[in-house]
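>
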Amino acid sequence: MPVTTPQPPVRIALIGDYDPQITAHQAIPKALELSAASLDLKVEAQWLATEQIDAGTPLERFDGFWCVPGSPYRSYEGAMRAIRFAREQQRPFLGTCAGFQHALLEYARHALGWSDAEHGEIAPQAERAVLSPLSCALVEVRGTVYLQEGSQIAQVYSTLKIEEGYHCRYGLNPQLAPLLLSQGLHAVGHDAAGDLRAVELAGHPFFIGTLFQPERAALAGSVAPLVSALLNACRGPRQ
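Residues in the sequence shown are numbered consecutively from 1, following my numbering.
#1: Using three-state DSSP, classify Pro133 as helix, strand or coil.
#2: What residue range is occupied by the uninterrupted alpha helix (DSSP H) comprising Arg235?
#3: Nearest-angstrom Cα distance between Trp47 and Gly221?
#4: Can you grab the Cα-Cα spacing for the pair Gln239 / Val139, in whole Å?
#5: Which one of Gln101, Thr159 and Leu112 has the shortest CA to CA distance from Ser132?
#6: By DSSP, does Arg216 sit in helix, in strand, or in coil?
#7: For Leu176 and Leu134, I'd like the C-alpha separation in whole angstroms.
#8: Taking only runs of the beta strand (DSSP E) that begin and end inside the region 2 to 50, which ones reach a length of at least 3 residues, in chain order?
#9: Expressed to the nearest angstrom, what Euclidean distance is found between the alpha-carbon atoms of Ala137 and Pro6?
#10: Let me know if Tyr18 comes out buried or exposed under the rule of 16 or more other beta-carbons within 10 Å of its beta-carbon.
#11: Leaving out five residues before and five after Ile28 in sequence, what residues of the same chain have Cβ atoms less than 7 Å from its Cβ?
#12: Evaluate Glu149 with the Cβ neighbour count: other Cβ atoms within 10 Å of its Cβ, from every protein chain shown; 16 or more gives buried, anything less gives exposed.
#13: Evaluate contact between the region 38 to 55 and the region 161 to 177, counting only Cβ atoms and requiring at least three cross-stretch pairs below 8 Å.
#14: Bridge partners for Gly57 per DSSP, in chain order?
#15: Check the DSSP bridge columns for Val199 and list the partner residues they point to.
#16: Should the region 145 to 162 be called in touch with the region 183 to 199, which here means at least 3 C-beta pairs below 8 Å?
#17: Rounded to whole angstroms, what is the Cα-Cα separation between Gly95 and Phe206?
#18: Within the same chain, show all residues whose beta-carbon is closer than 7 Å to that of Glu200, passing over the 5 residues directly before and after it, in chain order.
#19: Determine the DSSP secondary structure at Val68, reduced to helix, strand or coil.
#20: By how many angstroms is the C-alpha of Leu180 removed from the C-alpha of Ala45?
#21: List the residues that DSSP assigns as beta-bridge partners of Leu172.
#22: Can you give the Cα-Cα distance for Trp66 and Ala55, rounded to whole angstroms?
#23: Run through the region 97 to 160 for me and flag every whole alpha helix (DSSP H) of 4 or more residues, listed as ranges in chain order.
#24: DSSP beta-bridge partners for Glu164?
#25: So Ser234 and Pro92 are supposed to be a Cβ contact under 8 Å. How far apart are they, rounded?
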């Protein structure tokens, strides 16, 4: 009989400052467990506190990155360092809620060269606040998201209309959206009012950010499609 070589576990870095009181942080380990079981994978997830991420952090040992909810981070520079590594090194990346926000900020600063780009929650008076307060805060609510046909995220969900939960107060500044989304970063999800809810990066194997929190599905015992897609993307290059 042929000998089956055990596959090494998928190593996921959870970028964020763990807080057991945050609903999304309660959901994330369950979401990873459910998705790993559905894919017959072993997963090793490690929380990386943002203030501990610096030039010496061995980010290369992770197969994928998930920048998680919980803004403001203790070090948004640390979070962006990990996001930049994932973006430039073509490592699978998922950013949810605050992770979505900081993915936009990292892209503005390091891909577009906007050195003065800021997060409005941290620097509300900044002239170029990439993230600004939502016209209506999305705190513990669910909403409909319409996905762009042909996008990677639409393929993940196998539909163009989804329902997801939120806990956020900041989103992309609509005044900067045309410039920010004019190159490689694409808008792929909007709410009924046309406000941005999801982005993905062209030319990257898996780089998706969502203002909503797909991990919350795990709290009801359901597999989160985006979490499974992240793990599958991490596994892909090994096969």
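Built from N, CA and C at the ideal position, the CB exists for glycine as well.
Owing to the predicted nature of the structure, the values given are computational and were not obtained by experimental measurement.
Looking at the atomic coordinates:
#1: Taking the first residue of the sequence shown as position 1, residue 133 is located at position 133. Three-state DSSP puts Pro133 in a strand.
#2: Numbered from its first residue, the sequence shown carries residue 235 at position 235. If you look at Arg235, you'll find it in the alpha helix (DSSP H) that goes Pro225 to Arg235.
#3: The count along the sequence shown starts at 1 and reaches residue 47 at position 47. The count along the sequence shown starts at 1 and reaches residue 221 at position 221. If I take the Cα positions, the gap works out to 22 Å.
#4: For the purposes of this step, residue 239 is identified with residue 239 of the sequence shown, where counting begins at 1. For the purposes of this step, residue 139 is identified with residue 139 of the sequence shown, where counting begins at 1. Unreliable positioning characterises Gln239 in this predicted model, as indicated by a pLDDT of 43, which lies under 50. The coordinate reading is nonetheless provided below. Distance between the alpha carbons of Gln239 and Val139 is about 40 Å.
#5: To locate residue 132, count along the sequence shown from 1; it is residue 132. When each option's Cα is compared against that of Ser132, the closest is Gln101.
#6: Along the sequence shown, one-based indexing puts residue 216 at 216. It is helical.
#7: Taking the sequence shown and counting its residues from 1, the one referred to as residue 176 is at position 176. Taking the sequence shown and counting its residues from 1, the one referred to as residue 134 is at position 134. Each residue's Cα considered, the two are about 14 Å apart.
#8: Counting only runs of 3 or more, we get 10 to 15 and 43 to 48.
#9: For the purposes of this step, residue 137 is taken as the residue at position 137 of the sequence shown. For the purposes of this step, residue 6 is taken as the residue at position 6 of the sequence shown. Each residue's Cα considered, the two are about 46 Å apart.
#10: By one-based count along the sequence shown, residue 18 stands at place 18. So Tyr18 ends up on the exposed side.
#11: Counting from one through the sequence shown, the residue named residue 28 turns up at place 28. Excluding positions up to five away in sequence, the list reads Leu14, Val68 and Glu215.
#12: If you number the sequence shown from 1, residue 149 lands on position 149. Here Glu149 is exposed: its Cβ has fewer than 16 other Cβ atoms, across all protein chains shown, within 10 Å.
#13: Touching, no.
#14: Locating residue 57 in the sequence shown gives position 57, where the first residue counts as 1. A quick correction: the sequence has Thr, not Gly, at residue 57. In the DSSP assignment, Thr57 forms no beta bridge with any residue.
#15: Taking the first residue of the sequence shown as position 1, residue 199 is located at position 199. Bridge partners of Val199: Ala187 and Gly209.
#16: By the Cβ criterion, the region 145 to 162 is in contact with the region 183 to 199, since at least three pairs of Cβ atoms, one from each stretch, lie closer than 8 Å.
#17: Here residue 95 is taken as the residue at index 95 of the sequence shown, counted from 1. Here residue 206 is taken as the residue at index 206 of the sequence shown, counted from 1. Computed Cα separation, rounded: 11 Å.
#18: Translated into positions along the sequence shown, residue 200 becomes position 200. Cβ neighbours of Glu200 beyond the five flanking positions: Ser151, Gln152, Ile153, His186, Val188, Phe207 and Ile208.
#19: By 1-based counting over the sequence shown, the position of residue 68 is 68. It is coil, neither helix nor strand.
#20: Here residue 45 refers to the residue found at position 45 of the sequence shown. Here residue 180 refers to the residue found at position 180 of the sequence shown. Ala45 and Leu180: Cα-Cα distance of roughly 31 Å.
#21: Against the sequence shown, residue 172 aligns to sequence position 172. Residue pairing by DSSP places Leu172 opposite Leu131 in a beta bridge.
#22: If you number the sequence shown from 1, residue 66 lands on position 66. If you number the sequence shown from 1, residue 55 lands on position 55. Each residue's alpha carbon lies about 19 Å from the other.
#23: Runs of the alpha helix (DSSP H) inside the region 97 to 160: 98 to 106 and 152 to 157.
#24: For this step, residue 164 is matched to residue 164 along the sequence shown. DSSP output for Glu164 lists Gly143 as bridge partner(s).
#25: Here residue 234 is taken as the residue at index 234 of the sequence shown, counted from 1. Here residue 92 is taken as the residue at index 92 of the sequence shown, counted from 1. Looking at the sequence shown, residue 234 is not Ser but Cys. Going by Cβ atoms, the distance from Cys234 to Pro92 rounds to 5 Å, so yes, they are a contact pair.
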